[in-house]
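Protein chains in written order, with my numbering: chain C, 25 to 513; chain X, 77 to 534.
From the three backbone atoms N, C-alpha and C, an ideal C-beta is built for every residue, glycine too.
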Amino acid sequence: MNGYLHLPWLELSIACPIIAAIVCWRVKNESLARNIALIACLLTFLLTFGEWFDFMTLETFSAQDSNSVVFFLFGTEYFVIDELTAPLLFRVALLFGLTIAATMRSKASRFSVVRTLLAEAIILAVLSCSSTMLLCLLLAFSTILPWYEMRLRGHDTSVFSLCMSLHLGLMFVGITLLWLGHGQPLPTNLGAGLLVLSAMLRAGIFPGHFWIVDLFEKCTFGTAILFVAPMTGAYFVMRLVLPVVPIWALHWIAVLSLSTALYAAAMALVQSEARRFFAYLFISQSSLVLAGLELANPIGMTGALCIWLEIGLSLGGLALTLRAVESRIGRISLEQYHGLFDQMPHLGSLFLFTGLASIGFPGGLAFVGMELLVEGTVEVYPLVGTIIVLATAINGVALLRAYFRIFTGTRHVATVSIAARPAERLVTITLSLLILAIGIWPGSAIHSRYHAAESLLKIRQESGIDRGSESSEPVSHPPSDESKNSANH
Amino acid sequence: MLMAICALLVVAPPAALALNMGLSLLLGYRPSERRLALSTQATVVLSSVAAATLLINMLLTDQVQYTLDIGRWVDLPVEHFHFTVKFLFDRLSIPFVILSLLLCGVISAFANRYLHRDEGYTRFFLFFVIFLLGIVVTSVAGTIETMFLGWELVGLSSALLVAFFHNRVNPVANGLRVWTIYRFADGAFLFAALVLHHLTGGGDLNLMMGSKPWPESACVLDSSHALIVGLLLLVAAAGKSALVPFSGWLPRAMEGPTPSSAIFYGALSVHLGAYLLLRVGPMLEQSPTLQWIIIALGAITAVYAGLVGRVQTDVKSALAFASLLQVSIIVVEIGFGLRYLALIHIIGHASMRSLQLLRAPSLLRDHRRLEDNIGYLERTKETSRPDSALTPLRIWRYRFAMERGYLDTILDDWIATPFLRLFRWFDELERRVVTFLSIGGGRAVAKKPSESDEMEAS
């Protein structure tokens with residue numbers, strides 16, 4: 025049976041940024057709006073922490089709000105927390121809060137706190153949504169904000185619009201076919217196939233990765249980070265693709281994801297701009313996560329979920345560092361040395377630390393996560409595991425190259441201090457301590473991820489999808505609204 | 077109980093110091109030079125005394141092996157996945173860890189004076205402490221995962237110390253080259269660890285080497301498996317110990333400050349590859365093919381280092397190749413199964429080479445003092461050979477040595493450049509696709525950022 029949280033944490037955590045966004049929209053003073061947004065983010069963070077803590081005390085796979093307003097209004101519960109999403113919600117709230125905190129006051133006019141708060145509410149709603157159709161609508165809605173920002177900045181949105189329209193179109197058609205198919209082989213398999221294509225586009229699997237690089241080039245860095253870092257594409261795979269696609273197809277997508285990881289790592293190595301470097305590094309790491317999820321074995325999925333958790337923090341930290349540097353010296357070219365370390369040692373150290381943590385260096389959760397992932401991959405394809413090792417090695421080289429280009433090689437002369445501000449220091453310290461704490465004591469995080477992986481695989485087993493594929497019978501189980509609740513312990 | 081405390085005290089102080097130093101710097105607290113030097117030396121002394129006590133205790137109780145099992149860091153029993161943190165103290169690890177601690181102590185004392193009031197003093201000691209932790213963990217690791225953890229820390233600190241003088245381009249470029257070689261070597265190590273996991277059901281070195289203590293241990297892997305794992309570990313060792321074809325990074329690594337050159341490339345880091353091969357020595361003996369490959373690699377590297385070392389014109393590079401020559405001889409010894417000889421060779425060579433490298437900055441002064449003490453040394457009159465002695469072979473050999481065996485050129489021209497060229501082409505292609513897909517302003521936004529873009533962003 026489903027557990028009940030002691031308070032309506034989920035709804036409160038989604039409502040808090042929405043209310044703050046409305047207030048900020050009405051407030052004309054940018055500084056005041058920023059402070060309100062910061063308070064709202066802190067409150068949301070505390071609420072997500074509270075819901076995670078409350079959820080852990082229940083010891084169930086999933087739980088929903090008690091005294092839910094949504095249930096009162098619609099007669100059904102749309103928001104559920106489970107073992108997969110509990111730490112992700114907390115991490116998303118943290119990342120949004122830190123991004124707003126690290127935004128310089130001089131950039132307040134370019135980085136809209138209203139849109140950021142709305143985006144936070146949408147992402148939190150996506151991650152806790154139990155209804156398939158609502159999830160699809162929220163995913164669609166989440167794409168509007170970065171698109172709108174690009175339009176507002178006068179940039180061309182064609183690539184983003186094309187990729188996202190295709191993604192949303194495929195998603196809605198796929199879901200519709202699965203619903204209307206009623207177990208008929210053609211529409212059901214076609215629907216599953218379309219969902220796979222849609223997920224690949226959203227997750228940035230080659231050749232659907234163009235929009236991520238484009239987004240980083242055209243949006244503000246903050247918006248781009250907050251749109252991609254929660255990895256809604258991977259979440260889409262977990263919720264909508266995993267229950268309906270046969271294992272052999274998943275394994276093929278895993279190979280494609282691994283190839284993307286290797287390709288993006290090599291592309292990160294040759295980039296001449298820091299934003300593009302980050303975009304490819306992100307694609308490479310998120311493709312590894314996706315590959316692990318698609319292996320559909322507990323060990324590979326556990327590794328992927330660990331890396332997912334870790335890279336949200338570490339790549340988020342890396343991006344915030346780059347953003348802080350960029351806000352001081354403009355777009356960062358990697359074709360020349362900038363020698364900024366002496367001016368901003370804090371940011372230099374954080375760049376290196378978060379970057380290394382994201383590629384699986386000792387000190388981060390991804391260190392063990394990467395081993396689990398390789399182990400899981402080797403179980404399925406013994407030789408393909410080398411791709412992960414190779415991609416990680418290349419990412420490491422690309423990372424140190426970027427570090428050397430930005431922070432060393434010459435002595436940067438500045439007439440005013442460009443060192444990290446107290447707020448940025450606070451952000452760097454918070455992130456580093458969190459990464460270090462999880463990395464040094466990874467046991468509980470890994471067990472929680474393992475349990476989540478097992479539960480998700482159980483849902484998959486219960487749907488009978490693999491039995492269907494083994495006996496060449498049609499797949500007859502579209503992603504159900506209740507799939508999140510079906511693995512109650 | 078005493079053994080457990082001693083074993084823990086070997087590893088815990090460097091770990092605590094690294095964590096403490098990292099967190100202090102992160103929180104904005106910059107310790108004074110005196111405090112840094114004192115804490116580093118106290119850590120080294122504490123760990124050294126603990127290691128020595130452990131050794132004496134083992135000698136007195138006639139115990140040849142002691143394992144400190146910290147527990148399972150990660151344990152997924154259903155999946156048979158364990159990440160065990162275990163430290164193994166035996167006839168191989170104890171001498172090596174004592175050597176490492178002693179040399180680290182000497183070099184930290186030297187660096188304290190050598191880098192006094194240098195702006196990178198704190199940075200040096202941070203990397204040095206990370207290295208200390210890495211080398212201690214690698215030396216006494218009882219599982220292959222624990223060893224990999226230490227191995228990675230050693231690699232990172234090495235690369236960052238090569239780039240220590242980070243306001244110049246050359247040290248930074250050389251640091252990146254060292255890091256690149258290390259990353260690929262580390263990749264081979266990681267893969268070897270995973271293959272081992274699959275074959276033995278865990279990464280425990282005892283599982284792999286049987287129950288007997290080193291060096292009598294017998295490998296449980298069969299010949300073909302030993303060959304696969306051994307080859308992967310050989311790549312890892314070759315990267316770390318600069319064996320052919322990875323030798324090019326060794327002289328470049330001398331860009332770092334003298335204390336780091338001494339500790340890394342004269343004493344400890346360069347021997348880590350050989351140490352790894354010694355640790356898995358019983359496995360190497362399972363496969364004669366593997367043994368011959370190791371001997372051949374060692375011999376080729378020895379010839380290479382001997383040839384190239386003769387034409388070096390600066391003292392640190394000459395010492396680097398002299399170091400490499402000895403390391404390759406050690407590798408040959410390991411290939412022949414002469415484990416004790418190799419261990420003694422490592423200890424002797426590391427100590428002597430550290431001394432030479434630490435004295436390198438005052439070489440001329442030493443030379444003059446020597447001359448003063450023993451009187452004027454008459455130079456030989458013949459300073460060059462007659463033209464007839466310059467045979468084509470001799471000229472080729474000279475060029476080969478001057479170009480350091482063309483190893484860097486081969487790696488650059490055959491691997492790095494085509495790889496980078498291919499992906500730069502892909503990058504260009506992607507930009508064109510984005511331009512093609514973009515409407516109107518597409519051409520403007522897909523190009524590399526112009527100065528005006530940068531101004532706008534700033």
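Three-state secondary structure (DSSP) of W465/C: Note: W465/C maps to coil in three-state DSSP.
Kindly list, in the order they appear in chain X, the residues whose Cβ is closer than 7 Å to that of V183/C. V510, L513, S514
Flag this pair as touching only if the region 450-459 of chain C and the region 297-307 of chain X have three or more C-beta atom pairs under 8 Å; answer yes or no. no
Could you check which residue in I356/C, D366/C, H475/C, L460/C has the C-alpha nearest to that of A438/C? D366/C
Rank L424/C, F391/C, T434/C, A290/C by C-alpha distance to the C-alpha of Y361/C and give the top, closest one. T434/C
Same chain, Cβ closer than 8 Å to L93/X, neighbours up to 5 away in sequence not counted: Within the same chain, and ignoring the five residues on either side of L93/X in sequence, the residues whose Cβ sits closer than 8 Å to its Cβ are S115, T116, T119, V205, L208, L209.
Residues near T68/C in its chain [Cβ-Cβ closer than 6 Å; skip 5 each side]: S37, C40, P41, A117
Could you give the residue range of the alpha helix (DSSP H) that holds D442/X? 439-450
Check the Cβ of G420/C against every Cβ in chain X and list those closer than 7 Å, keeping chain order. Within chain X, R259 have C-beta atoms less than 7 Å from the C-beta of G420/C, given in sequence order.
Is L266/C close to chain X, meaning its C-beta is less than 8 Å from at least one C-beta of that chain? no
What does E409/X touch in chain C if you count any residue whose Cβ is under 8 Å from its own? Correct list: empty, because the minimum Cβ distance to chain C is about 30 Å.
Those residues which DSSP pairs with F495/X across a bridge: Answer is none; F495/X lacks a bridge partner.
Chain X within 8 Å of I453/C, Cβ atoms only: yes
Quick one: Cα of P498/C to Cα of G207/C, how far? Residue confidence for P498/C is low, a pLDDT of 38 falling below 50, so the modelled location carries little weight; the figure read from the coordinates is stated next. Each residue's Cα considered, the two are about 7 Å apart.
List the residues of chain C that A396/X touches, going by C-beta distances under 9 Å, in chain order. Residues of chain C passing the Cβ test: none, with the nearest at roughly 22 Å.
Under 8 Å between beta-carbons, which chain X residues line up against Y361/C? List them in chain order, please. V245, V248
Output yes or no for whether 8 Å exceeds the beta carbon distance between F265/X and A312/X. yes
With DSSP as the reference, identify every bridge partner of S189/C, one or two as the case may be. Answer is none; S189/C lacks a bridge partner.
Looking at the structure shown, is R435/C part of a helix, part of a strand, or coil, going by DSSP? coil
Go to H158/X, then tell me how far its beta strand (DSSP E) extends in each direction, as first and last residue. 157-166
So K346/X and V296/X are supposed to be a Cβ contact under 8 Å. How far apart are they, rounded? The amino acid occupying residue 346/X in the given sequence is Val; Lys does not appear at that position. Their Cβ separation, rounded to whole angstroms, is 30 Å, which puts V346/X and V296/X out of contact at 8 Å.
Indicate the three-state DSSP secondary structure (helix, strand or coil) for R470/X in the structure shown. helix
Answer yes or no: does any C-beta atom of chain X fall closer than 8 Å to that of G467/C? yes
Under 9 Å by beta carbon: chain X residues contacting Y405/C: Per Cβ cutoff of 9 Å: no residues; Y405/C is ~13 Å from chain X at best.
Helix, strand or coil: how does DSSP classify L152/X here? Three-state DSSP puts L152/X in a strand.
Would you call the CB atoms of F301/C and Q295/C closer than 8 Å? yes
Tell me which same chain residues have a C-beta within less than 8 Å of the C-beta of A88/X, skipping the five on either side of it? none
Within 8 Å, strictly: CB atoms of V536/X and I211/X: Since the first residue of chain X shown is 77 and the last is 534, residue 536/X is not available in this structure.
Measure the C-alpha to C-alpha separation of L70/C and M80/C and round it to an integer number of angstroms. L70/C and M80/C have their C-alpha atoms some 15 Å from each other.
Check whether chain C comes within 8 Å of D488/X, counting only Cβ atoms and requiring the distance to be less than that. Between D488/X and chain C, the shortest Cβ-Cβ separation is not below 8 Å.
Would you verify that the beta carbon of E144/C is, or is not, closer than 8 Å to some beta carbon of chain X? no
Endpoints, alpha helix (DSSP H) assigned at S130/C: Segment: none, S130/C is in no alpha helix (DSSP H) and carries neither H nor E.
Just to confirm my understanding: we take F165/C, look at its own chain, exclude 5 residues before and 5 after, and list those with CB closer than 7 Å. What are they? Contacts found: I146.
Using only the alpha-carbon positions, how far apart do E506/X and I515/X sit? If I take the Cα positions, the gap works out to 16 Å.
D503/X CB to nearest chain C CB: under 8 Å? Answer yes: the Cβ-Cβ gap between D503/X and chain C drops below 8 Å somewhere.
Locate the alpha helix (DSSP H) running through S86/C, then write down its first and last residues. Where S86/C is concerned, there is no enclosing alpha helix (DSSP H), although the beta strand (DSSP E) it sits in stretches over 86-88.
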